[in-house]
Amino acid sequence: MSDVSTLTRPAAEAAPPAVTAPERRDRRGVPPLLSKGIVNGILLAATLWTVLPLTWLVISATKNYADLYQTGGFELARIRLWDNLVHLFTFGDGLYLEWLRNSLLYAGVGAAVSALISVMAGYAFDKFRFPGKERWFGLVLVGVLVPSAVTTVPLYLMASDLGMTNSFWGVFLPGLASPFGVYLGRVFSAAYVPDELLEATRVDGAGELRSFAQVAFPLLRPAFATLFLFGFTGGWNSFFLPLLMLSDHHLYPVSLGIFTWKESLAADSEIFYPLVMTGALVAIVPLVIAFFSLQRYWKAGLTAGAVK
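Going letter by letter, the sequence shown gives residues 1 to 308 in full-length UniProt numbering.
In structure tokens form, the structure reads like this:
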């Protein structure tokens, strides 16, 4: 009997262990989830840092003196905002309204004139050729590097020599000069106003003033709006210069006026504490209105298609 060899199936080999994809990491070896968590945490902290003081101010402006101390900072009490507003606008024969008017003149009119001067100066530095142009512009850049607090005392001494202290012009005129505005005006002019478009207007016989007013300035409206907002915000929050220049409280801007009320808290906190809270809240409203009303001018690309 012949031996019959039987074929047996070899035992199945053990399957190799599944290879898992390595955990993705950034260049520094940090997992993406941890990296996103850190970024979101920083953004959340910055948001709370910005929103919480404003929320506290809004809530505090709705309280009277007793509620400010009997309730928590973020706890709502009986809404007394209307009473606080009436008290604010009638206190001292409408002194707060005078401060608002002064701030609108210092910051609003001053920012408009300063923005116009800056746009015109930046346009001249960009489009015109004259001796020493870059050296003069270098002096402007030096002015950008100097903090405004450094020049406040010299401005006060100059105004004292000219007899402009404790006057409207002592605060208004220094705010018209803006080295940063001139620099930004030149940058916007180089980006928004094509040289070919100006050459076309000159060929058609338009003068330089007409070319700027009817051709260049409409293209520079985003620059004007941006400079106006910068100037308006800086003028509205100006404090140190009016503090040195002014001694008549009828000429105070709203920032300095609220500061004087704050200094009077020790004398009569029951009256001045609601005035400070409500006055600070009302002082924010013009800034909010200015930003929301001018945000449509921030869009770029207004010169698209101007040059064929």
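The C-beta atom is built at its ideal place from N, Cα and C for all residues, glycine as well.
Per-residue DSSP class, three states only, for residue i
i, result
"tyrosine 252", "coil"
"proline 147", "coil"
"phenylalanine 130", "coil"
"threonine 47", "helix"
"serine 160", "helix"
"lysine 36", "helix"
Residues near residue i in its chain [Cβ-Cβ closer than 7 angstroms; skip 5 each side]
i, result
"serine 103", "Trp236, Pro253, Val254"
"proline 154", "none"
"leucine 176", "Gly110, Val113, Ser114, Ile117"
"glycine 41", "none"
"leucine 229", "Ala290, Phe291, Leu294"
Alpha-carbon spacing of residue i relative to residue j, whole angstroms
i, j, result
"leucine 209", "leucine 116", "14 angstroms"
"threonine 260", "isoleucine 284", "18 angstroms"
"leucine 68", "glycine 163", "44 angstroms"
"methionine 258", "leucine 57", "Here the sequence assigns isoleucine to residue 258, which means methionine is not the residue at that position. About 14 angstroms."
"valine 140", "alanine 206", "30 angstroms"
"glutamate 134", "phenylalanine 125", "8 angstroms"
"tyrosine 297", "valine 288", "15 angstroms"
8 angstroms Cβ cutoff met for residue i and residue j
i, j, result
"glycine 143", "proline 194", "no"
"alanine 223", "valine 119", "yes"
"leucine 227", "leucine 184", "yes"
"leucine 97", "threonine 278", "no"
"residue 332", "serine 211", "Residue 332 lies beyond the range of the chain shown here (1 to 308); nothing can be said about it."
"leucine 81", "valine 282", "no"
"alanine 121", "valine 182", "yes"
"threonine 62", "isoleucine 79", "yes"
"alanine 107", "phenylalanine 240", "no"
Other residues of its chain near residue i: CB distance less than 8 angstroms, five sequence neighbours each side excluded
i, result
"tyrosine 273", "Tyr65, Leu68, Leu265"
"glycine 73", "Trp56, Ile59, Ser60"
Residue i beta carbon near the ligand SAM (any heavy atom closer than 7 angstroms)
i, result
"serine 60", "Ligands displayed in this structure: none; no statement on the ligand SAM is therefore possible."
Are the segment 241 to 248 and the segment 149 to 168 touching, with three or more C-beta to C-beta distances below 8 angstroms? Segment contact: the segment 241 to 248 against the segment 149 to 168, three or more CB-CB distances shorter than 8 angstroms; contact assigned.
The segment 185 to 194 touching the segment 211 to 226, judged by at least three CB pairs closer than 8 angstroms: Contact holds: three or more Cβ-Cβ distances are below 8 angstroms.
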